[in-house]
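A short worksheet on the structure shown next.
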Amino acid sequence: MQKGLFITATDTGVGKTVISGAIAAALKRRGINVGVVKPVASGGRVNTSGQPVSEDATFLMAAAGMAEERRQEVNPVCLAAALTPAVAAAECGMTIDVTKLITACRAMLNQSELTVVEGVGGMAAPVWKDYLVADMMLELKLPVILVVKPNLGTINHTVLAAEYARQRSIPLAGIIVNCWDEAAATVLERSNLAYIKLLTGLPVLGKFPSLAGIPAGQASMVALGQAAEQHLAIDHIIGMMKGEDCPCFRQS
Ligand SMILES: Nc1ncnc2c1ncn2[C@@H]1O[C@H](COP(=O)(O)OP(=O)(O)OP(=O)(O)O)[C@@H](O)[C@H]1O
Ligand SMILES: [Mg+2]
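Residue 131 in numbering that gives the first Met the number 0 sits at position 132 of the sequence shown, with consecutive numbering throughout.
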């Protein structure tokens, strides 16, 4: 059985990469052979050979302790334009073969004990034409974690995302609140959290803090894994990835 999870968020820039990396680093720290995939990335940094390189993939590979040679397996499609993949590809005359993305995810899932797949944008982001990230989730049949912000507006974004997932029969396994500051949290953040729990009925699998300077160096990945152990329900997440205690597709 393919074991893993798919990380999405209410929007771009909410923290999918940081949370995916934190979970991967925690699993690695526990001695688990962890795989990471960013099947499609846009906004890649163009290297000296003129090739776009995904910084998300760089971060995930560092978190999982993977060598640069595995970049193609981790990130088979990287586009330069900082646009939704369907448009970024069209802008440079490319087509996106979604089968290639699914195949890359399955290959990583097959060769790893547990795999973390990072989506792109949110669930309704177009990957190619009318094929959305949600369609990728449905094909991969992995449990999904939704990363959300703690600040103003998050109740609306989170409830809309959870409702969309319900409509598309994507059972979300839980929510992670990113950039949570326990000491500074006011009635705003605390009531947001309470409303998110109440209105979605989903478990909150962690409140992850803002960490100073998250570079992709190995040393900081150890700290990232430690932070994940401290602030995320890693045992529960592992169980979920293995298909235990999770109302996910794989049991249907
Ligand atoms: N917990 C955190 N502590 C410190 N910085 C963070 C944290 N979470 C996110 N960031 C920073 O916020 C920015 C956006 O985070 P991230 O890249 O993880 O978002 P994303 O959802 O993966 O974005 P994209 O849609 O581009 O893939 C990054 O610069 C990242 O380093
Ligand atoms: Mg990212």
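Here a beta-carbon is modelled for each residue, glycine too, at the ideal position from N, C-alpha and C.
Since the structure is predicted, the reported quantities are computational estimates derived from the model, not experimental observations.
Contact between Leu59 and Lys27 is absent: CB atoms are separated by about 11 Å, not below the 8 Å threshold.
With fewer than 16 other Cβ atoms from the protein chains shown falling within 10 Å of its own Cβ, Glu162 counts as exposed. Every residue whose beta carbon comes nearer than 5 Å to a heavy atom of ligand 2 appears here in chain order: Lys15, Thr16, Asp55. Straight through space, the alpha carbons of Val158 and Ala23 are spaced by roughly 27 Å. As far as DSSP is concerned, Leu159 takes part in no beta bridge.
Taking 7 Å as the cut-off, the beta carbon of Gly118 is found closer than this to the beta carbon of Thr7.
Beta-carbon to beta-carbon, Leu100 and Met122 are separated by about 15 Å, too far to satisfy the 8 Å threshold. Distance from the Cα of Ser168 is smallest, within the candidate group Ala183, Leu192, Ala182, Lys140, for Lys140. For Ala85, no beta strand (DSSP E) segment is defined; the enclosing uninterrupted segment is the alpha helix (DSSP H) at 84–90. Checking the DSSP bridge columns, you'll see Trp179 has no partner listed. Apart from sequence neighbours up to five positions away, the residues of its chain that approach Ala62 with a beta-carbon distance below 6 Å are Gly20, Ala23, Ala24, Met220, ordered along the chain. For Thr57, the secondary structure class from DSSP, reduced to helix, strand or coil, is helix. For Cys77, the pairing in a beta bridge is given by DSSP as Ala40. Under the three-pair Cβ rule at 8 Å, the region 193–201 does not count as touching the region 222–238.
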